[in-house]
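Have a look at the structure below, then the notes.
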Amino acid sequence: SLKAIIAPSMLSSDFAQLAKEANEIVAVNGADWLHMDVMDGHFVNNLTLGAPVIQCLRKHTPAFLDCHLMVERPQDYITPFKNAGANLFTFHYEATGIPGNPITPMEVVQQVKQAGMFCGISIRPPTPVDVLLDSGLAAAVDMVLIMTVNPGWGGQSFMGEMMSKVHTLRERYPHLLIQVDGGLGPDTIDTAARAGANVIVAGSSVFKAADRKGVIETLRTAVAA
Ligand code: DX5
Ligand code: ZN
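And the structure:
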């Protein structure tokens, strides 16, 4: 079975204590990656953090920084994020190949890799998974992120209908990192794990829990099963 990677979403942590929260969730509670939700107030109606915060956090932790860019013109963020110390740069398919930003998603993938980061591509719930298949995008990236909520906020309900996308991808790409994000927790992890997801983002279910370590362990065990 595939390796489970548990990536708590720092969006649900206390931003005023970001370094402390980040180090605790990895060193004390056993998380693998830190999922950093970057929202620009345009691609989604919420504004969170950008490269300056990543750069500050990088000085306080050696952890793998999994950056999820919910932004317009993701190509403009590649150099700043690389310089800030990001490890994985995941952008949205829907932010590219449009009249306001005609750059192709494949060009963005190439630029991210050229910059020396791992590259992920994400699709929102209304976008069919087919756009990643024949285009060669799923084969070109290090990770595909299937959104299981409409991006913008933590604490929303998991959309189980998205699991057919995960299943389709897993059948074609047995070794691909497939990330799911939105509404994941002990109640929904089995559905996601059975469909073939192995990189699990969890925000509110981890940070609101009294036993964060226990929730992370539950998520990991379900993926490994
Ligand atoms: C949503 C973000 C998620 C969010 C997940 O737009 O991409 O990473 O923080 O939070 P939960 O796990 O609470 O749904
Ligand atoms: Zn996210």
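Per the UniProt record's numbering, the very first residue in the sequence shown carries number 2; after that it's consecutive.
By construction, the Cβ of each residue, glycine as well, lies at the ideal position given by its N, Cα and C atoms.
What would DSSP say about residue i, mapped onto helix, strand or coil?
{"i": "H43", "result": "coil"}
{"i": "H168", "result": "helix"}
{"i": "A226", "result": "coil"}
{"i": "A8", "result": "strand"}
{"i": "I99", "result": "strand"}
{"i": "T219", "result": "helix"}
Tell me whether residue i counts as near the ligand DX5, meaning its Cβ is closer than 8 Å to at least one heavy atom of that ligand.
{"i": "D191", "result": "no"}
{"i": "M164", "result": "no"}
{"i": "L19", "result": "no"}
{"i": "P152", "result": "yes"}
{"i": "M160", "result": "no"}
Smallest Cα separation from residue i: which of the options?
{"i": "T222", "options": "M160, G31, S10", "result": "G31"}
{"i": "I6", "options": "S13, W34, S14", "result": "W34"}
{"i": "P13", "options": "A210, A198, T219, S136", "result": "It should be pointed out that residue 13 corresponds to Ser in this sequence rather than to Pro. Of A210, A198, T219, S136, the residue nearest in Cα terms is A210."}
{"i": "D151", "options": "M11, E25, M40, S2", "result": "This sequence places Asn at residue 151; Asp is not what is there. That would be M40, whose Cα lies nearest to the Cα of N151."}
{"i": "S10", "options": "A193, V224, A225, G184", "result": "G184"}
{"i": "I55", "options": "H43, L89, A28", "result": "L89"}
{"i": "P70", "options": "H36, G101, I217", "result": "Rather than Pro, the amino acid found at residue 70 in this sequence is Leu. Out of H36, G101, I217, H36 has the C-alpha closest to the C-alpha of L70."}
How about residue i: is its Cβ closer than 8 Å to a heavy atom in the ligand ZN?
{"i": "M71", "result": "yes"}
{"i": "V202", "result": "yes"}
{"i": "S10", "result": "yes"}
{"i": "H36", "result": "yes"}
{"i": "D41", "result": "no"}
{"i": "D182", "result": "yes"}
(message) As an exercise, report each continuous alpha helix (DSSP H) stretch of at least 4 residues that is fully enclosed by the region 19-89, in chain order.
(response) 19-24, 52-59, 79-85
(message) Restricting to runs no shorter than 3 residues, where is the beta strand (DSSP E) found entirely within the region 122-210?
(response) 144-148, 178-182, 200-203
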